[in-house]
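Numbering (the working numbering), first residue to last: 6 to 285. Where is the CB? At the ideal position from N, CA and C, for every residue including glycine.
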Ligand code: SF4
Ligand code: SF4
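Listed below in structure tokens is the structure:
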């Protein structure tokens with residue numbers, strides 16, 4: 006994202022809408038400026054402010070006259086009065102920032118907007134996590150914090166060493182140059198995004214080991230991590246396997262979401278031979 010210094014009148018409205026705090030009024034230039042390292046190309050500034058087309062010279066003159074009279078002339082807080090924002094044509098690898106940070110842009114690898122994954126929220130249809138397995142979503146970053154791809158790689162490398170399996174239908178997996186070692190493509194390691202989700206799954210008996218591993222690596226990273234756990238309920242709609250492990254680790258569990266299986270199952274196992282079916 007760029008701000009045209011010829012158009013900007015330094016009203017400061019945009020500094021409040023940037024979720025990454027990447028816009029500041031440069032005291033030397035006396036114009037709003039985007040910190041390119043911190044900007045994650047989320048387009049909140051461009052889309053969140055109405056773009057008016059006032060003449061910049063006229064606005065600057067009026068602001069000076071009002072200032073001289075100890076008054077203020079400020080535009081409405083939700084507008085850029087001079088349409089000073091000029092989105093750049095993003096090229097690789099910078100385009101990765103937008104793919105993970107602008108919720109209206111679908112990921113090329115999955116066709117899903119935002120972080121590019123439905124996680125296990127649709128497990129009744131996708132069947133990603135099967136009986137005897139536990140699925141983890143490791144969510145990096147937040148507005149105001151963000152995450153560098155190199156930090157995500159640090160976690161992925163440790164998970165790969167532990168022999169986890171990465172979810173194929175996840176955009177981060179598709180950006181790996183070597184899934185076996187959890188290495189992301191080298192050319193994206195210097196990109197920062199608002200947030201991103203790594204998805205893995207392991208046999209249920211490895212739940213505690215993986216939680217502890219995530220805790221350990223998290224301490225080495227300069228971002229925030231939210232850990233999600235997905236599992237299959239038993240016939241009573243309860244989880245008596247994973248929940249006790251998590252409670253022992255100190256988590257207070259609240260039921261977040263239960264899928265009732267009304268969707269179309271796309272991973273139904275092939276039918277059993279007739280003889281076997283009748284004995285069950
Ligand atoms: S809202 Fe527009 S005119 Fe005001 S500081 Fe930002 S870019 Fe400049
Ligand atoms: S694109 Fe997003 S991160 Fe970049 S300056 Fe605009 S609001 Fe801030």
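_Just checking residue 25 against ligand 2 - is the residue's beta carbon closer than 7 Å to any of the ligand's heavy atoms?_
yes
*Answer with buried or exposed for residue 141, where buried requires no fewer than 16 other C-beta atoms within 10 angstroms of its C-beta.*
buried
_Endpoints, alpha helix (DSSP H) assigned at residue 206_ = Segment 201-208 is the beta strand (DSSP E) holding residue 206; no alpha helix (DSSP H) there.
*Decide if residue 175 is buried, meaning its Cβ has at least 16 other Cβ atoms within 10 Å, or exposed.*
buried
*Report all residues from its chain with a CB closer than 6 Å to the CB of residue 27; omit the five preceding and five following residues, and keep chain order.*
So the qualifying residues of the chain are 39, 40, 43, 44.
*Can you name the residues that DSSP bridges to residue 83?*
Partner(s): none; residue 83 has no beta bridge.
*Excluding the five sequence neighbours on either side, which residues of its own chain have a C-beta within less than 8 Å of the C-beta of residue 258, listed in chain order?*
248, 251, 252
*asked:* Whole angstroms are fine: how far does the CA of residue 147 sit from the CA of residue 137?
replied: The straight-line gap from Cα to Cα measures roughly 31 Å.
*Under 8 Å by Cβ, that's how I've got residue 154 and residue 196 pegged, so tell me the actual separation to the nearest angstrom.*
5 Å
*Close beta carbons around residue 56, own chain, < 8 Å, minus the five adjacent residues each side*: 84, 85, 88, 90
*Distance, Cα to Cα, residue 194 vs residue 152?*
Distance from the CA of residue 194 to the CA of residue 152, rounded to the nearest whole angstrom, comes to 11 Å.
*Inter-residue spacing [alpha-carbon to alpha-carbon] between residue 255 and residue 223*: Rounded to the nearest angstrom, the two C-alpha atoms are 17 Å apart.
_Quick test of the definition: if touching needs 3 or more C-beta pairs under 8 Å, does the segment 118-132 touch the segment 198-209?_
yes
*asked:* Can you find the residues in the same chain that come closer than 8 Å, C-beta to C-beta, to residue 279, ignoring five residues on each side of it along the sequence?
replied: No answer about residue 279 holds up, because its pLDDT of 42 lies below 50 and its placement is not dependable.
*Cutoff 6 Å; reference residue 80; Cβ partners in own chain excluding five residues on either side*: 16, 86
*Best match in 48, 18, 32, 22 for proximity to residue 7 [C-alpha to C-alpha]*: 48
*Relative to ligand 4, is the shortest distance from any of its heavy atoms to the C-beta of residue 19 smaller than 7 Å?*
Absent from the structure shown: ligand 4. Ligands present: ligand 1 and ligand 2.
*Would you check whether ligand 1 has a heavy atom nearer than 7 Å to the C-beta of residue 86?*
yes
*Hey, would you say the C-beta of residue 59 is under 7 Å away from at least one heavy atom of ligand 1?*
no
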